[in-house]
DNA sequence: GGCCTGTCGGGAAATTTTCCCAATCTTTCG
DNA sequence: CGAAAGATTGGGAAAATTTCCCGACAGGCC
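Residue numbers (our numbering), protein chains in the order written: chain C, 34 to 247; chain A, 34 to 247.
See the structure below:
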């Protein structure tokens, strides 16, 4: 696995997409895709079997989460290089990925060259971020507080969670023994603090943050 | 455009993915990718400029929907061959695509060879479906009780999709060239027809139906 | 022709959202 | 300890949205 070039394990549940990356990556000098996997479980198995230099992994796969795969791989080898390659680059998702042990995060809307550059970076032990992800995180860290969700209090989080899971204002008020007015105020506060405009955006935030699932 | 081989327009808002398809397709004898586009608007422009034999298009793109692109292209040339290549293959999405004028529908979880085969089929004027999509539609047509989404018209589906992806009423109105009032009416109608009460529930419906992803 | 369905928007009452505010109650910290 | 900070709970009132009804217009179908 060492010596000649960089060996890569590709994880994505879409064969055509995988096929595409393989060709893109192998056109790079010194890159070798030595294995592919289409699920979190297969990714772990392939990692054990092939010991690749770097794992390029789509975080949103059907079934078990990509985060799970990252955790499993890191549990086995905490020096593993795992580069997340994802459709979405929301701050909570990115943070969750790094918390799970990722070495880099590149969105699929990035140029192919960004992916290649990121692979070289994580191999060198550096942390890699695509530009759009960096901007999202930067904008967030410029705020006096840190993550969007960290600026929310316990109650606000709970109201967000219940809203996102589809409950009405009345149901939430009843659940928490609050007045409708208070729930409305929290609802508004959460939007104000997160800077989000629509309830749909709140749902997406809650889901991508792992607050609730679909 | 005619004569030697099949000319292809590639539409997808993820550059790396696009790069991948291009290589996959061009490895096929007689296939030539003559243009790429990363949005519905760009797709229409490219179609006008390059008159490709077939358009391979990802239906879930940021901004204006892929359905919009299909309609625009078909409005200009109703013999255009448009092959939808999508992450999800749920029945409502597939139906919407064909209603808009698609010639074929292949999911990204299909083998690359399925995409190639589908392109050859639509070129011959046949309708192409990947196996998984065919199974979904078959299962559904055998099921006496239809999906909730089947009660929704095309416009309603589109408004639901954009709502669920986090756009505001104003943005949707602008995207579709409708008045805010009309979008509000559709929003209400969708809730009434589905029997759902909150926007969060709509988002969950849209996501679990494959209308949009997170 | 008549009928039905999908698309598009106006109107008006009902409701919600938006922000402002104040009263508690903790927690923190000098 | 006492002051400051912040979380929690809700009122108030104007602004905005939702809700439901309506009519108009375009197609398709019998």
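From the three backbone atoms N, C-alpha and C, an ideal C-beta is built for every residue, glycine too.
Opening and closing residue of the beta strand (DSSP E) in which residue i lies
i	result
residue 122 of chain C	It is not in any beta strand (DSSP E) - residue 122 of chain C carries neither H nor E in the DSSP assignment.
residue 196 of chain A	It is not in any beta strand (DSSP E) - residue 196 of chain A instead sits in the alpha helix (DSSP H) that spans 187-197.
Residue i classed as buried or exposed, judged by whether at least 16 other C-beta atoms fall within 10 angstroms
i	result
residue 51 of chain C	buried
residue 82 of chain A	exposed
residue 59 of chain A	exposed
residue 37 of chain A	exposed
residue 228 of chain A	exposed
residue 146 of chain C	exposed
residue 187 of chain C	exposed
residue 203 of chain C	exposed
residue 221 of chain C	exposed
residue 141 of chain C	buried
residue 213 of chain C	exposed
residue 210 of chain A	exposed
residue 47 of chain A	buried
residue 110 of chain C	exposed
residue 108 of chain A	exposed
residue 231 of chain A	buried
residue 121 of chain A	buried
residue 206 of chain A	buried
residue 99 of chain C	buried
Three-way DSSP call (helix, strand, coil) for residue i in this model
i	result
residue 240 of chain C	helix
residue 222 of chain C	helix
residue 132 of chain C	helix
residue 84 of chain A	coil
residue 110 of chain C	coil
residue 227 of chain C	helix
residue 178 of chain A	In this prediction, residue 178 of chain A scores a pLDDT of 49, lower than 50, which makes its location untrustworthy; no coordinate-derived value is stated.
residue 246 of chain A	coil
residue 216 of chain C	helix
residue 126 of chain A	helix
residue 168 of chain C	helix
residue 211 of chain A	coil
Per DSSP, the bridge partner or partners of residue i
i	result
residue 137 of chain A	A:116 and A:161
residue 65 of chain A	A:40
residue 90 of chain C	C:44 and C:117
residue 70 of chain A	A:44
Element boundaries [alpha helix (DSSP H), containing residue i]
i	result
residue 146 of chain C	145-156
residue 51 of chain A	48-59
residue 201 of chain C	That residue, residue 201 of chain C, is in no alpha helix (DSSP H); it is neither H nor E in DSSP.
Proximity test, residue i beta-carbon vs the ligand NAD heavy atom, cut-off 6 Å
i	result
residue 54 of chain C	Looking at this structure, you won't find the ligand NAD or any other ligand, since it has none at all.
Neighbour flag for residue i against chain C, beta carbons, 7 Å
i	result
residue 232 of chain A	yes
residue 168 of chain A	no
residue 203 of chain A	no
residue 50 of chain A	yes
residue 121 of chain A	no
residue 236 of chain A	yes
residue 197 of chain A	yes
residue 148 of chain A	yes
residue 28 of chain A	In the structure as shown, chain A starts at 34 and stops at 247, and residue 28 of chain A therefore has no counterpart that could be examined.
residue 125 of chain A	no
residue 85 of chain A	no
residue 182 of chain A	no
residue 247 of chain A	yes
residue 177 of chain A	In this predicted model, residue 177 of chain A has a pLDDT of only 47, less than 50, meaning its place in the structure is not dependable; the value taken from the coordinates is given anyway. No, its Cβ sits nowhere closer than 7 Å to a Cβ of chain C.
Minimum Cβ-Cβ distance from residue i to chain A less than 7 Å
i	result
residue 56 of chain C	yes
residue 142 of chain C	yes
residue 222 of chain C	no
residue 210 of chain C	no
residue 227 of chain C	no
residue 241 of chain C	yes
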